[in-house]
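A.B. asks: Mind looking over this structure? Questions follow.
There are 2 protein chains.
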Amino acid sequence: MKRQQTFFTEYFQVYRPVLNRLNMLLAPHNLFHSQWGILKLLKLEGEMTSAEIALRQQVEKPSVTKIVQRLVEMNLVSVRPGTDRREKWIGLTATGQNTVETIMAELEILYCELLNGIELEELESAIRVMEFARKNLNN
Amino acid sequence: MKRQQTFFTEYFQVYRPVLNRLNMLLAPHNLFHSQWGILKLLKLEGEMTSAEIALRQQVEKPSVTKIVQRLVEMNLVSVRPGTDRREKWIGLTATGQNTVETIMAELEILYCELLNGIELEELESAIRVMEFARKNLNN
DNA sequence: TCTCAATGATTAGTTAGGCTAACTAATCAT
DNA sequence: ATGATTAGTTAGCCTAACTAATCATTGAGA
Chain A
89 MKRQQTFFTE
99 YFQVYRPVLN
109 RLNMLLAPHN
119 LFHSQWGILK
129 LLKLEGEMTS
139 AEIALRQQVE
149 KPSVTKIVQR
159 LVEMNLVSVR
169 PGTDRREKWI
179 GLTATGQNTV
189 ETIMAELEIL
199 YCELLNGIEL
209 EELESAIRVM
219 EFARKNLNN
Chain B
89 MKRQQTFFTE
99 YFQVYRPVLN
109 RLNMLLAPHN
119 LFHSQWGILK
129 LLKLEGEMTS
139 AEIALRQQVE
149 KPSVTKIVQR
159 LVEMNLVSVR
169 PGTDRREKWI
179 GLTATGQNTV
189 ETIMAELEIL
199 YCELLNGIEL
209 EELESAIRVM
219 EFARKNLNN
């Protein structure tokens with residue numbers, strides 16, 4: 089088997105375990121993985137429209153609508169109309185900011201634990217490989 | 089942001105694109121990602137029981153039951169009773185073997201394309217990092 | 001030997017989170 | 001002004017996961 093195949097085999101093999109662990113960490117906050125994905129995006133990049141979230145998360149717009157509605161109900165994000173009145177700008181509430189920061193701190197611990205003992209240089213290589221694949225996929 | 093966090097951020101960010109691409113490749117074979125996961129497992133490791141598939145794929149047993157039922161309907165896997173009559177051994181049919189081989193060949197091309205230009209040494213690093221994380225997660 | 005807890009698998013029912021198709025509302029370009 | 005495009009939503013479907021409960025079989029101990 090080619091090493092490229094080994095890479096993706098390993099990639100998929102580690103996905104469920106890491107997802108399960110992530111969901112365990114999110115459960116006390118009543119959040120699921122995809123909700124967290126959007127919250128983190130809004131934290132890192134500030135408010136944006138549904139369409140942009142969809143693009144960034146590589147899902148269709150209706151999927152975003154549904155998740156954002158839940159996040160609004162939970163008072164983690166809020167929506168304000170844009171000057172282009174078709175647009176709705178979605179951003180974190182104060183509660184949302186706090187929640188994201190708390191979870192990020194918890195995640196940092198988890199992630200460091202999981203990779204504790206890995207050489208930094210290897211980590212950088214791994215990051216580069218995945219960035220590379222993602223750029224290739226976007227074309 | 090710590091590099092460990094960057095790693096996992098990048099890891100999750102590449103998941104949807106790569107999954108979408110994989111599903112595109114699987115669609116002509118009328119397969120979905122989770123079905124493919126089980127088919128590949130059976131190809132690499134030979135026949136096994138539902139319980140073992142569940143363990144290996146890190147999902148609950150009822151999830152396996154449902155997917156295997158579909159694969160049996162599609163004549164890709166078959167089930168034979170074990171000497172312990174509670175057990176059912178699940179394995180690829182001849183058709184299943186062929187299908188898996190075909191898809192593996194297609195995937196090899198895709199995977200090599202996606203990583204074309206990456207140094208082999210970097211690839212090895214990335215594989216090691218993910219293996220390492222997976223082992224850590226299993227404890 | 002008989003009982004009963006443990007194990008393997010299934011059934012039933014629920015949920016998140018994807019999708020497409022079809023829609024409304026607003027904007028833009030002729 | 002009007003036709004096309006864009007942003008977002010709604011409705012309805014599907015996959016793929018989950019839990020709880022059930023059935024059948026096994027094996028170990030009284």
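Keeping their order, the protein sequence lines are chains A and B.
Note that my numbering has the first sequence beginning at 89, numbered continuously upward.
Note that my numbering has the second sequence beginning at 89, numbered continuously upward.
Ideal Cβ placement from N, Cα and C applies to all residues, glycine included.
1) If I measure Cβ to Cβ from A:Leu159 and keep anything under 8 Å in the same chain, skipping five residues before and after, which residues do I get?
2) Can you find the residues in the same chain that come closer than 6 Å, C-beta to C-beta, to A:Val188, ignoring five residues on each side of it along the sequence?
3) Let me confirm a value: B:Gln157 is counted as buried when at least 16 other C-beta atoms fall within 10 Å, else exposed. Which label applies?
4) Please look up how many angstroms separate the CB atoms of A:Ala221 and B:Val106, rounded, as I've assumed it's under 8 Å.
5) Check whether the Cβ of A:Glu210 lies closer than 7 Å to any Cβ atom in chain B.
6) Once DSSP output is grouped into helix, strand and coil, what is the label at B:Leu211?
7) By Cβ distance, which residues of its chain are closer than 8 Å to A:Met162, with the 5 residues on each side in sequence left out?
8) Does DSSP put A:Met89 in a helix, a strand or coil?
9) Counting only beta-carbon atoms, is A:Thr187 nearer than 7 Å to chain B?
10) Determine, using beta carbons only, whether A:Val167 and A:Ile178 come nearer to each other than 7 Å.
11) Taking only beta-carbon positions, decide if A:Glu196 is within less than 7 Å of chain B.
12) Would you say A:Glu133 reaches chain B, if we count a Cβ-Cβ gap shorter than 7 Å as a contact?
13) Going by the DSSP bridge assignment, what does B:Ser177 pair with across the sheet?
14) Between which two residues does the alpha helix (DSSP H) harbouring B:Gln157 extend?
15) Measure from the C-beta of A:Leu180 to each C-beta in chain B and report whether the shortest distance is under 7 Å.
16) Looking at A:Leu113 and A:Glu194, is the spacing between their C-beta atoms short of 7 Å?
17) Label A:Met218 either buried or exposed according to how many other C-beta atoms from any shown protein chain fall within 10 Å of its C-beta, with 16 as the threshold for buried.
18) Any C-beta of chain A sitting closer than 7 Å to the C-beta of B:Glu140?
19) Give the single residue among B:Asn226, B:Arg216 and B:Asn186 whose Cα lies nearest to the Cα of A:Glu98.
20) Specify, as a first and last residue, the run of the alpha helix (DSSP H) that B:Leu195 falls within.
C.D. replies: In this structure, then:
1) Gln123, Ile126, Leu127, Val165 and Gly184
2) Leu127 and Lys131
3) exposed
4) 7 Å
5) yes
6) helix
7) Asn118
8) coil
9) no
10) yes
11) yes
12) no
13) It is Trp, not Ser, that sits at residue 177 of chain B in the sequence shown. DSSP output for B:Trp177 lists B:Thr137 and B:Arg168 as bridge partner(s).
14) Lys149 to Glu161
15) no
16) yes
17) buried
18) no
19) B:Arg216
20) Ala182 to Leu202
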